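Peer 1: This note's numbering applies: residue 116 is where the sequence shown begins, and numbers increase by one.
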Amino acid sequence: MITPIVVGPKVVPVVDDVEQARSSVELAMLSAMAHYDVPGVLEALAATIATDSEHGYVYSELIWAVLSGAARVRWERLMTTTTWKHQSPFARKHFGDGEAKGRTEEAVVAVLTVLEARGIEVPEVVRDRVRGCDDLDLLQTWLSRSATAGEIGDVFD
Numbered sequence: 116m117i118t119p120i121v122v123g124p125k126v127v128p129v130v131d132d133v134e135q136a137r138s139s140v141e142l143a144m145l146s147a148m149a150h151y152d153v154p155g156v157l158e159a160l161a162a163t164i165a166t167d168s169e170h171g172y173v174y175s176e177l178i179w180a181v182l183s184g185a186a187r188v189r190w191e192r193l194m195t196t197t198t199w200k201h202q203s204p205f206a207r208k209h210f211g212d213g214e215a216k217g218r219t220e221e222a223v224v225a226v227l228t229v230l231e232a233r234g235i236e237v238p239e240v241v242r243d244r245v246r247g248c249d250d251l252d253l254l255q256t257w258l259s260r261s262a263t264a265g266e267i268g269d270v271f272d
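1) Grouping DSSP H, G and I as helix and E and B as strand, with all else coil, what is Glu236?
2) Is the beta carbon of Leu160 closer than 8 Å to that of Ala185?
3) Sort Asp131, Ile164, Ala165 and Thr166 by Cα distance to Ala149 and report the nearest one.
4) Would you say the segment 247-261 touches the segment 212-224, given that touching needs at least three Cβ pairs under 8 Å?
5) Identify which residue in Phe271, Ala264 and His170 has its Cα closest to the Cα of Arg244.
6) Figure out for me which residue from Cys248, Glu239 and Arg192 has the closest Cα to the Cα of Gly217.
7) Quick check on DSSP: helix, strand or coil for Asp252?
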């Protein structure tokens with residue numbers, strides 16, 4: 116017969132000290148899940164797992180999945196200072212997607228900025244074409260051409 120054990124805030128101690136968290140990361144994890152709103156709990160766990168290159172990312176993503184609202188935002192801020200990369204396939208995919216989207220958005224702005232700075236009139240239809248482009252290689256081609264173009268037709272095929 117299996118007897119379930121329920122663990123909640125009343126039976127999980129508050130771990131808000133880094134040394135205590137380092138002595139038992141698993142207890143610090145449970146404490147963060149049960150007492151995320153107690154000052155120092157998330158901070159102690161974050162400081163502890165930030166130096167754990169083997170398991171830190173797993174702990175971080177597990178706590179992120181458990182938290183919501185303001186606690187999740189606080190956790191995200193604490194985790195922005197870590198040096199290890201996200202390891203789960205979910206995190207890698209979405210982190211990579213965000214990086215690629217950011218590079219594409221920067222390239223869109225760069226193309227339009229260079230054209231405007233060079234005094235080349237950019238019709239709205241061309242602006243829409245540039246803004247709608249998600250091909251970073253093509254945007255970089257347009258950016259290179261924009262640097263030496265005499266007119267808008269020199270940039271776009």
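Glycine included, each C-beta is placed from N, C-alpha and C at the ideal position. No experiment lies behind these values; they were computed from the predicted model shown.
Peer 2: According to the structure data:
1) As a first step, residue 236 must be located in the sequence shown, where it is residue number 121. Glu236: coil per DSSP, three-state reduction.
2) Within the sequence shown, the letter at position 70 stands for residue 185. Within the sequence shown, the letter at position 45 stands for residue 160. No, Cβ-Cβ distance for Ala185 and Leu160 is not below 8 Å.
3) By one-based count along the sequence shown, residue 149 stands at place 34. In terms of CA proximity to Ala149, Asp131 leads the group Asp131, Ile164, Ala165 and Thr166.
4) In short, these stretches touch, since the Cβ pair count reaches three.
5) Translated into the one-based positions of the sequence shown, residue 244 becomes position 129. Minimum Cα distance to Arg244 is reached at Phe271.
6) Walking along the sequence shown from the start, residue 217 turns up at place 102. Measuring from the Cα of Gly217, the nearest candidate turns out to be Cys248.
7) As a working note, residue 252 is residue 137 in the sequence shown. Residue state for Asp252 is assigned as helix, using DSSP reduced to three classes.
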